[in-house]
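Written below as structure tokens is the structure these notes are about.
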Amino acid sequence: MSNTIDLSGDRGSQDLREGIYGVVFFVCAAISVLTTIGIILALVLPTLTFLGEVPIREFLLGTQFSPAIQPTVFGVLPLVFGTLLITVGAAAVALPVGLLTATYLSEYASHRRRAVLKPLLEILAGVPTVVYGYFALVYVTPLLDAIPGLELGTFNALSASLVMGIMIIPMVSSISEDSMSAVPESIRNAAYGLGATKYRVSTSVVIPSAVSGIASSYILALSRAIGETMIVVVAAGQSARFPDSISGLLNSFFQSTQTMTSAIVQLGTSDLAGGTTAYRALFAIGLTLFVMTFVLNVVSDVITMRYQEDYE
Amino acid sequence: MATPTSSETTFESVSRTKGAVFEYLTLGASLFGLVALGVLLLYVFWDAFGLATAEIAWYGALVICVVAPTLGFVAYARRNTVAGEVALELVSTAMGGLLAGFGVIAVIEVIAGPAVWFAYFLTVVAPLVGLFLYNRARPEVTWVGLAMLGVLIAGPIIGTLTLDTLTQIESLIGGPFVYLLSLVLPAAVIARYVIDDYLELGNGNFAAGLVVAVAFFAVPLIDTLPLVSRSVWLIFLSTLVTPLGIVAWKNLAAPENRVGFAGPGIFIGGVGLLLIVTDALGLSGPTPWFDWQYLTSNPSRFADQAGLYSAIIGSVFIIVLVALITLALGVGAAIFLEEYAPDSGPGAAIARLIRINISNLAGVPSVVYGILGLAVFANLVGLGFGTVITAALTLSLLILPIVIISAREAIRAVPDSIRNASYGMGATKWQTTRNIVLPRAIPGILTGTILALGRAIGETAPLIMIGVATTKFSPPSGLFSKTTAMPMQIFAWSSYPSAEFQHGVVAAGVVTLLVVLLTMNSIAILLRNKFETEEL
Numbered sequence: 001m002s003n004t005i006d007l008s009g010d011r012g013s014q015d016l017r018e019g020i021y022g023v024v025f026f027v028c029a030a031i032s033v034l035t036t037i038g039i040i041l042a043l044v045l046p047t048l049t050f051l052g053e054v055p056i057r058e059f060l061l062g063t064q065f066s067p068a069i070q071p072t073v074f075g076v077l078p079l080v081f082g083t084l085l086i087t088v089g090a091a092a093v094a095l096p097v098g099l100l101t102a103t104y105l106s107e108y109a110s111h112r113r114r115a116v117l118k119p120l121l122e123i124l125a126g127v128p129t130v131v132y133g134y135f136a137l138v139y140v141t142p143l144l145d146a147i148p149g150l151e152l153g154t155f156n157a158l159s160a161s162l163v164m165g166i167m168i169i170p171m172v173s174s175i176s177e178d179s180m181s182a183v184p185e186s187i188r189n190a191a192y193g194l195g196a197t198k199y200r201v202s203t204s205v206v207i208p209s210a211v212s213g214i215a216s217s218y219i220l221a222l223s224r225a226i227g228e229t230m231i232v233v234v235a236a237g238q239s240a241r242f243p244d245s246i247s248g249l250l251n252s253f254f255q256s257t258q259t260m261t262s263a264i265v266q267l268g269t270s271d272l273a274g275g276t277t278a279y280r281a282l283f284a285i286g287l288t289l290f291v292m293t294f295v296l297n298v299v300s301d302v303i304t305m306r307y308q309e310d311y312e
Numbered sequence: 001m002a003t004p005t006s007s008e009t010t011f012e013s014v015s016r017t018k019g020a021v022f023e024y025l026t027l028g029a030s031l032f033g034l035v036a037l038g039v040l041l042l043y044v045f046w047d048a049f050g051l052a053t054a055e056i057a058w059y060g061a062l063v064i065c066v067v068a069p070t071l072g073f074v075a076y077a078r079r080n081t082v083a084g085e086v087a088l089e090l091v092s093t094a095m096g097g098l099l100a101g102f103g104v105i106a107v108i109e110v111i112a113g114p115a116v117w118f119a120y121f122l123t124v125v126a127p128l129v130g131l132f133l134y135n136r137a138r139p140e141v142t143w144v145g146l147a148m149l150g151v152l153i154a155g156p157i158i159g160t161l162t163l164d165t166l167t168q169i170e171s172l173i174g175g176p177f178v179y180l181l182s183l184v185l186p187a188a189v190i191a192r193y194v195i196d197d198y199l200e201l202g203n204g205n206f207a208a209g210l211v212v213a214v215a216f217f218a219v220p221l222i223d224t225l226p227l228v229s230r231s232v233w234l235i236f237l238s239t240l241v242t243p244l245g246i247v248a249w250k251n252l253a254a255p256e257n258r259v260g261f262a263g264p265g266i267f268i269g270g271v272g273l274l275l276i277v278t279d280a281l282g283l284s285g286p287t288p289w290f291d292w293q294y295l296t297s298n299p300s301r302f303a304d305q306a307g308l309y310s311a312i313i314g315s316v317f318i319i320v321l322v323a324l325i326t327l328a329l330g331v332g333a334a335i336f337l338e339e340y341a342p343d344s345g346p347g348a349a350i351a352r353l354i355r356i357n358i359s360n361l362a363g364v365p366s367v368v369y370g371i372l373g374l375a376v377f378a379n380l381v382g383l384g385f386g387t388v389i390t391a392a393l394t395l396s397l398l399i400l401p402i403v404i405i406s407a408r409e410a411i412r413a414v415p416d417s418i419r420n421a422s423y424g425m426g427a428t429k430w431q432t433t434r435n436i437v438l439p440r441a442i443p444g445i446l447t448g449t450i451l452a453l454g455r456a457i458g459e460t461a462p463l464i465m466i467g468v469a470t471t472k473f474s475p476p477s478g479l480f481s482k483t484t485a486m487p488m489q490i491f492a493w494s495s496y497p498s499a500e501f502q503h504g505v506v507a508a509g510v511v512t513l514l515v516v517l518l519t520m521n522s523i524a525i526l527l528r529n530k531f532e533t534e535e536l
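Line order of the protein sequences matches chains A and B.
Its first residue numbered 1, the first sequence is counted upward by one per residue in the UniProt record's numbering.
Its first residue numbered 1, the second sequence is counted upward by one per residue in the UniProt record's numbering.
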């Protein structure tokens with residue numbers, strides 16, 4: 001504000017002081033950029049060394065992951081498979097439930113009910129993930145195991161992914177609801193005027209109009225599930241598997257499995273010395289994870305920005 | 001072939017059932033997650049409080065004495081919302097005060113010791129408070145912020161250099177006197193401001209005097225109690241009794257609010273009645289894992305001796321540091337992005353880059369932050385594996401994006417009209433930010449920060465990566481000492497195969513963590529509600 005009249009004394013030192021404040025606040029904001037650079041360097045540098053020891057083909061396309069027992073093999077595919085397995089299970093719970101929840105909140109709920117339900121749903125995402133992991137291991141697995149015909153291991157992908165699904169419901173529902181609430185009333189009224197029922201308006205008008213928001217909420221939730229660590233570490237076990245048949249694929253749900261995140265934790269906590277290939281594998285897996293979640297987040301952003309319906 | 005009649009039939013066939021089924025489907029979906037979590041929470045509370053051992057008659061007494069009256073009040077509060085709000089405010093203040101008191105005990109009494117605390121109080125906290133009060137009296141002064149910055153940088157250095165001399169003071173005046181000067185007096189001053197300027201109840205000086213007087217006159221009473229020392233009493237006077245007194249006073253002053261006291265009263269009276277009744281009838285109650293012994297014992301391989309003490313102290317220490325770091329950096333970054341960032345030119349591009357970068361950082365998995373902490377803080381900078389400072393810095397970076405995003409929203413909610421009014425009167429950018437924007441944005445900033453701290457307190461994966469110990473038998477003693485944390489301890493215990501651990505000790509740990517989180521979140525929500533009603 002250079003054109004304001006200064007009433008408070010010496011102009012020169014005033015400008016200097018204002019300048020210092022600006023610099024201090026800029027430094028605070030710049031720390032976030034340093035964080036990003038730090039993350040990228042911390043992941044990329046050890047990964048480059050790692051790829052000097054293990055060919056990139058072997059890492060990205062290998063179907064065996066066995067970092068501890070000689071001869072060591074570092075194929076990331078079993079971990080990617082485990083991650084996708086858990087993510088698919090969580091998505092099977094969270095995507096439909098989250099969308100229906102968003103529909104209820106935006107179309108059916110009274111003002112008062114929405115005011116109660118929305119903060120309650122946020123609690124689902126606020127419970128610490130280690131607590132969810134404990135729930136899955138100690139309560140959900142025995143509960144599912146009691147179902148006749150279901151043979152579950154102590155550690156299994158099923159209960160971990162179900163519990164993770166519950167955790168990410170609010171991610172889907174809150175963003176989806178925002179975009180459904182943003183659909184203007186006039187469009188709904190037009191459909192009502194054509195004789196549509198509330199059900200038809202919700203499913204054929206509101207949801208299609210809000211599809212970009214719903215899609216971006218889905219992708220964000222998947223990204224969250226891929227990066228989730230403690231639930232799988234506590235409840236899903238540590239056996240890296242890559243199925244060789246369709247039945248093996250289905251069976252994987254009932255057995256112990258290992259995701260990228262739980263492999264990172266396993267490598268980070270084992271007594272591996274700092275300089276070994278197995279230790280550096282941790283960073284390579286971390287980079288793979290980072291790239292996957294980053295791409296999903298960017299795709300979600302792009303969908304929101306590009307395909308958002310603009311109602312004037 | 002489509003004919004008008006056929007489209008008419010479609011219209012006719014519209015069924016109510018389909019719509020009703022869909023509506024209930026959406027309602028069911030909304031409740032699904034909540035019910036599932038509710039059931040799991042019931043399980044864990046059942047285990048943590050050892051409710052399986054209580055006899056049926058005890059449950060009868062529980063329902064009659066506590067549950068039914070409390071539910072009655074809740075039902076009443078649904079109609080009389082003022083009563084509910086007042087009750088919630090009282091309970092949250094009490095819980096928050098307790099939590100803050102235990103936090104202060106952990107940081108000052110256990111970790112730092114009153115002598116060291118007083119040294120840093122004199123070199124850092126006291127000058128900051130003095131500058132703040134001076135600025136309140138003379139808002140036009142522009143160098144106060146810079147002076148505060150100077151104190152923040154120079155204060156810890158001077159404190160560390162003169163630590164040996166300054167810690168002598170404590171041995172001269174004694175621990176309780178340290179708390180009187182460093183906690184009770186500030187609490188009395190804050191009470192005066194809150195009552196005079198904020199609540200406008202008058203009598204602020206009287207309230208401040210009352211706080212100090214209570215500190216002195218309660219001493220003979222305290223000395224006769226076995227569990228409470230003078231220091232602990234003074235700490236809780238500052239964090240619990242004074243705020244609770246202000247909230248109670250405020251609500252007593254408004255006659256329509258007084259009914260709100262019935263809620264906590266009914267609950268506390270009910271619990272007292274329950275204890276008397278069960279004792280008189282000789283009913284055997286539950287055998288809780290979650291008890292005083294659990295909170296004050298270090299971990300043990302014997303389930304009945306195991307406790308969460310070292311983990312609680314570790315978590316409190318880490319979270320206090322994270323709160324200080326993220327508040328300073330988060331608010332600074334938000335001020336830059338909202339107030340200082342230029343609207344055009346290369347500066348605007350940089351600001352845009354920072355904004356995009358922050359929203360992307362919010363989506364990075366927490367375990368990746370753990371790798372960052374491992375590579376940068378533990379290895380590169382050499383702050384050590386599993387130390388308090390490494391953990392605090394790593395968790396700070398993790399929640400910083402969330403804090404910045406919520407602080408930006410709070411700052412943006414301040415209307416431009418009052419900013420422009422300030423500029424129009426000749427105020428500089430900093431004067432406007434400091435005197436106009438920040439006071440109005442602080443409730444929103446605090447809400448967002450507390451919610452983010454709730455996230456930090458439950459985070460486990462980054463702590464594992466930076467080598468935080470799963471089990472440690474003593475609390476940390478300084479910034480560079482190795483520590484553990486509540487979620488780490490829960491993680492460690494959950495892999496113990498014995499049922500006593502899985503259904504007892506871990507359940508109690510989960511309950512501890514959830515109680516802390518619930519208290520933090522309800523304080524945040526209370527702040528937000530206050531903030532929103534004031535804006536309207």
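Ideal Cβ placement from N, Cα and C applies to all residues, glycine included.
This structure is a prediction, so every number in the text was calculated from the model and none was measured.
Beta-carbon neighbours of residue i, restricted to chain B and to distances below 7 Å
i, result
"residue 223 of chain A", "363"
"residue 38 of chain A", "372, 376"
"residue 166 of chain A", "33, 36, 37"
"residue 297 of chain A", "360, 363"
Exposure of residue i, with buried meaning 16 or more beta-carbon neighbours within 10 Å
i, result
"residue 176 of chain B", "buried"
"residue 290 of chain A", "buried"
"residue 134 of chain B", "exposed"
"residue 309 of chain B", "buried"
"residue 469 of chain B", "buried"
"residue 258 of chain A", "buried"
"residue 158 of chain A", "buried"
"residue 223 of chain B", "exposed"
"residue 473 of chain B", "exposed"
"residue 111 of chain A", "exposed"
"residue 406 of chain B", "buried"
Contacts of residue i in chain A (Cβ-Cβ under 8 Å)
i, result
"residue 336 of chain B", "22, 25, 26, 28, 29"
"residue 494 of chain B", "130, 133, 134, 137, 138, 234"
"residue 551 of chain B", "The structure shown does not extend to residue 551 of chain B, since chain B spans only 1 to 536, so no value can be given for it."
"residue 430 of chain B", "17, 18, 21"
"residue 25 of chain B", "100"
Contacting residues, own chain, Cβ-Cβ under 6 Å from residue i (five flanking each side not counted)
i, result
"residue 151 of chain B", "127, 128"
"residue 237 of chain A", "155, 256"
"residue 325 of chain B", "396"
"residue 561 of chain B", "The requested residue 561 of chain B is not part of the displayed model; chain B covers only 1 to 536."
"residue 361 of chain B", "401"
"residue 115 of chain B", "167, 170"
Contacts that residue i makes with chain A (C-beta to C-beta distance below 7 Å)
i, result
"residue 19 of chain B", "197, 198, 199"
Cβ distance (whole Å) where residue i is taken to contact residue j below 8 Å
i, j, result
"residue 142 of chain B", "residue 290 of chain B", "Contact doesn't hold; Cβ gap of about 52 Å is too wide."
"residue 449 of chain B", "residue 330 of chain B", "7 Å"
"residue 93 of chain A", "residue 234 of chain A", "Rounded, the Cβ-Cβ distance is 18 Å, inconsistent with contact."
"residue 102 of chain A", "residue 173 of chain A", "5 Å"
Neighbourhood of residue i by C-beta distance below 7 Å, restricted to the same chain and skipping five residues each side
i, result
"residue 140 of chain A", "159, 162, 163"
"residue 230 of chain A", "129, 130, 133"
Chain-ordered chain B contacts of residue i [CB-CB under 9 Å]
i, result
"residue 294 of chain A", "360, 363, 364"
Residues near residue i in its chain [Cβ-Cβ closer than 8 Å; skip 5 each side]
i, result
"residue 307 of chain B", "293, 294, 295, 296, 297, 298, 299, 300"
"residue 446 of chain B", "524, 527"
Contacts of residue i in chain B (Cβ-Cβ under 8 Å)
i, result
"residue 289 of chain A", "365, 367, 368"
"residue 265 of chain A", "367, 461, 464, 465"
Worksheet entry | Ranges of the alpha helix (DSSP H) found wholly within the segment 469-532 of chain B, counting only runs of at least 4 | 486-494
Fill in: Inside the segment 145-220 of chain B only - beta strand (DSSP E) runs reaching at least 3 residues
none
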